[in-house]
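These notes concern the structure reproduced below.
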Amino acid sequence: MKTRFNVTAGSTLAMLLLSGSLVLSGCSGDNDDAQKAAETSQSSQNTMAVKQPEPEATPKATLEPEVVIEKVEEQVKQAEEAVAETVEKAEAMTKEVVEDAQAAVEASTETASAGVNGQQAYSTCIGCHGANGEGGVGPQLNNQAPADIVAKLEKYKAGEQMGPMTGMMAPMAQGLSSEQMEAIAAFIGAK
């Protein structure tokens, strides 16, 4: 029985020690949790107790009528300058178009007064002298004065010998009236 007592007494003693340590560790944990809860509670009370500063009201920008009026007047002035510049450009372009149209009307009036279209009358000459009188088989005409062209055509029509091309030009000139000769010369002179 001696061994039994020792085992039982030893087991009991070990259990007591173990129980005591568990109780002590459990108590210390409770104190820690309680202490932490108390600290948290106190810190939240401290946070709540601190008065937060009121947000500062930012001053509203006031519109000063004088400043607004000045800005509007400046924008109006810039717009007026831009419009004036555009009008000047438009007037210059219109003047050019009008001058070109007047020149074209004058040129067509000269040929129309004779009742002859210079471009149409020249259409039989294109094959040898080129579409713009630049020359080809025949000589260049757009570098000659209109009066010279008319004088040469009249000589061909009269049958005068003008050079190696007289045989070809005489029949062509025979079919032209004085008005047609002038219209052809004016048409080529405008090129």
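Residue numbers for the sequence shown follow my numbering, so the first one is 616 and each next one is one higher. For glycine and all other residues, C-beta sits at the position ideal for the given N, C-alpha and C. Since we're looking at a predicted model, the values are computed, not measured.
When secondary structure is reduced to three states using DSSP, residue 772 falls in the helix class.
Only residues of its own chain outside the window of five on either side were considered, and among them none has a CB closer than 8 Å to the CB of residue 672.
If you look at residue 748, you'll find it isn't in any alpha helix (DSSP H); DSSP assigns it neither H nor E. In the structure shown, residue 779 adopts coil according to DSSP, grouped into three states.
At the C-beta level, residue 804 and residue 761 come within 8 Å of one another. In this structure residue 741 is exposed. Its beta-carbon is surrounded by fewer than 16 other beta-carbon atoms within 10 angstroms.
Here DSSP, grouped into helix, strand and coil, assigns residue 789 to helix.
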